[in-house]
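Notes to accompany the following structure.
Numbering (my numbering), first residue to last: 28 to 199.
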């Protein structure tokens, strides 16, 4: 039903641009939840192609992040990084910023770019700490512990303790 309604909005002749972008983003999210990455990607792309100067920053942040994620899933890291970076440039009310840093860090780590992975995990960790997001603290602290395990035992211990405390808080 939500899909039908959103499609009616998209294909209506008089749909305002901002509503069109929101509807395409919603459909991208729905198809992502339904594990249909191709449809998800296509709707995010439609939304991106329809952005204009009136698009809210919150909408841009979500769309840039989701499109980056869709490209990440397609193993197109170049486009993914381009859109993670665009997401990071949005300062106001951006709940996707820490996730963008974490995802970039994971890509760097997988490609043995440890210095950049560490920098991004640290930025994500700080954002998650300031938001008291224990899931994010756990994830980033655990990855930082892995990175530091080769060079700095004190920081390894610090991040392991932080990950453990966060896990206990979220009953992990």
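Backbone N, C-alpha and C fix where the C-beta goes; we use that ideal spot for every residue, glycine too. All of these numbers come straight from a predicted model, not from anything done at the bench.
Practice prompt. Indicate whether the contact test is met: 3 or more Cβ pairs, each with one atom in the segment 97-106 and one in the segment 116-125, closer than 8 Å.
Written response: By the criterion of at least three beta-carbon pairs nearer than 8 Å, the segment 97-106 is not in contact with the segment 116-125.
Worksheet item: Whole-angstrom Cβ separation of residue 40 and residue 74, contact assumed at under 8 Å?
Response: Rounded, the Cβ-Cβ distance is 18 Å, inconsistent with contact.
Fill in: Any alpha helix (DSSP H) of 4 or more consecutive residues that is wholly inside the segment 152-188
As far as the segment 152-188 is concerned, its whole alpha helix (DSSP H) runs of at least 4 residues are 161-175.
Worksheet item: Got a sec? Which residues, its chain only, sit under 7 Å from residue 155 by beta carbon, not counting five neighbours each side?
Response: In the same chain as residue 155, and ignoring 5 residues on each side of it, the C-beta atoms closer than 7 Å to its own belong to 125, 163, 164 and 167, in chain order.
Worksheet item: With distances taken from CA atoms, which of 145, 63, 127 and 60 is nearest residue 89?
Response: Nearest of 145, 63, 127 and 60 to residue 89, Cα basis: 127.
Practice prompt. Out of 31, 81 and 59, state which residue places its alpha-carbon closest to the alpha-carbon of residue 43.
Written response: A check of alpha carbon separations from residue 43 across 31, 81 and 59 identifies 81 as the nearest.
Worksheet item: For residue 28, does the count of other Cβ atoms within 10 angstroms reach 16, so buried, or fall short, so exposed?
Response: Within a 10 Å sphere around the beta-carbon of residue 28 sit fewer than 16 other beta-carbons, which makes this residue exposed.
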